[in-house]
Amino acid sequence: MKKVLPVFSYLFHPLFIPAYATLFYFVIAKDFFYQQEIYLVFIQVLILTVLLPMSVFYLLKSLSLVKTKMLVDKKERKLPLAFYSLLLFILIKYSFSVVVIPELYYYFVGILVSIVLALALLLTGRKVSLHMIAISSLTLFIIGISAYYHIQFLNLIAFFIVCSGFVASSRLQDNDGSMSQIILGTIIGIIPQVGLWYFWLMPSL
Numbered sequence: 000m001k002k003v004l005p006v007f008s009y010l011f012h013p014l015f016i017p018a019y020a021t022l023f024y025f026v027i028a029k030d031f032f033y034q035q036e037i038y039l040v041f042i043q044v045l046i047l048t049v050l051l052p053m054s055v056f057y058l059l060k061s062l063s064l065v066k067t068k069m070l071v072d073k074k075e076r077k078l079p080l081a082f083y084s085l086l087l088f089i090l091i092k093y094s095f096s097v098v099v100i101p102e103l104y105y106y107f108v109g110i111l112v113s114i115v116l117a118l119a120l121l122l123t124g125r126k127v128s129l130h131m132i133a134i135s136s137l138t139l140f141i142i143g144i145s146a147y148y149h150i151q152f153l154n155l156i157a158f159f160i161v162c163s164g165f166v167a168s169s170r171l172q173d174n175d176g177s178m179s180q181i182i183l184g185t186i187i188g189i190i191p192q193v194g195l196w197y198f199w200l201m202p203s204l
């Protein structure tokens with residue numbers, strides 16, 4: 000089990016989660032969009048939330064400003080989190096329409112709020128689990144989509160809840176996070192998503 004758990008940290012790395020959420024959304028809602036629209040949005044998400052952050056990471060690593068892929072040290076996290084927040088803001092402002100894709104729009108707004116909160120806490124000396132922010136926000140997004148489209152994703156939701164436990168266990172096993180950081184990360188991932196349900200989910204129920 001000790002050899003398996005680290006796989007979950009890489010598979011559910013925070014950089015990959017927005018792409019997973021976007022892919023999941025378009026699998027469910029593909030009939031409402033042209034293929035070109037789907038490709039365009041997904042490519043934008045891929046570039047701004049995966050490729051550009053990875054490029055910046057390797058740049059910072061070459062400058063010896065960061066050392067590990069998981070950004071364990073508090074000092075290493077500040078600049079990447081600030082840059083990632085900026086990329087999310089650009090993505091929300093220029094790639095999504097609250098009228099056309101409200102589900103993804105508010106999901107990414109929730110992610111932005113979570114990252115800003117994590118950065119604010121980091122500036123006060125508090126570190127939170129970015130992995131738990133990411134996977135908990137994705138799990139809540141799946142729950143929201145399930146309610147919005149009235150489709151039961153019980154098995155999928157259960158799967159991601161279990162995966163959340165594995166991710167948390169992996170972070171604890173590798174000493175990359177304490178129990179308080181895991182819990183706080185989970186809370187910061189959940190609350191913005193649930194709070195934003197008021198704007199896109201509640202009117203449809």
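Heads up: the sequence shown is residues 0 to 204, going by numbering that gives the first Met the number 0.
Note that CB positions come from ideal geometry on N, CA and C, so glycine has one too.
Problem - L116 to F32 span [Cα, whole Å] - result: 33 Å
Exercise for the section: Please classify G188: is it buried, with 16 or more other beta-carbons within 10 angstroms of its beta-carbon, or exposed? Expected result: buried
Problem - Neighbourhood of I37 by C-beta distance below 6 Å, restricted to the same chain and skipping five residues each side - result: F25
Practice task
Determine, using beta carbons only, whether L59 and L121 come nearer to each other than 8 Å.
Solution key: no
Exercise for the section: Please list, in chain order, all residues of the same chain as W199 whose beta carbon is under 7 Å from its beta carbon, the five residues on each side excluded. Expected result: P101, E102 and Y105
Exercise for the section: Within its chain, find whatever has a CB closer than 7 Å to the CB of F140; leave out the 5 residues flanking it on each side and keep chain order. Expected result: A20, Y106 and Q192
Problem - R125, DSSP secondary structure in three states - result: coil
Practice task
Hey, could you find the ends of the alpha helix (DSSP H) K60 is sitting in?
Solution key: L51 to S61
Exercise for the section: Could you name the residues of the same chain whose beta carbon sits closer than 8 Å to that of P13, not counting the 5 residues immediately before and after it, in chain order? Expected result: L129, H130, I132 and A133
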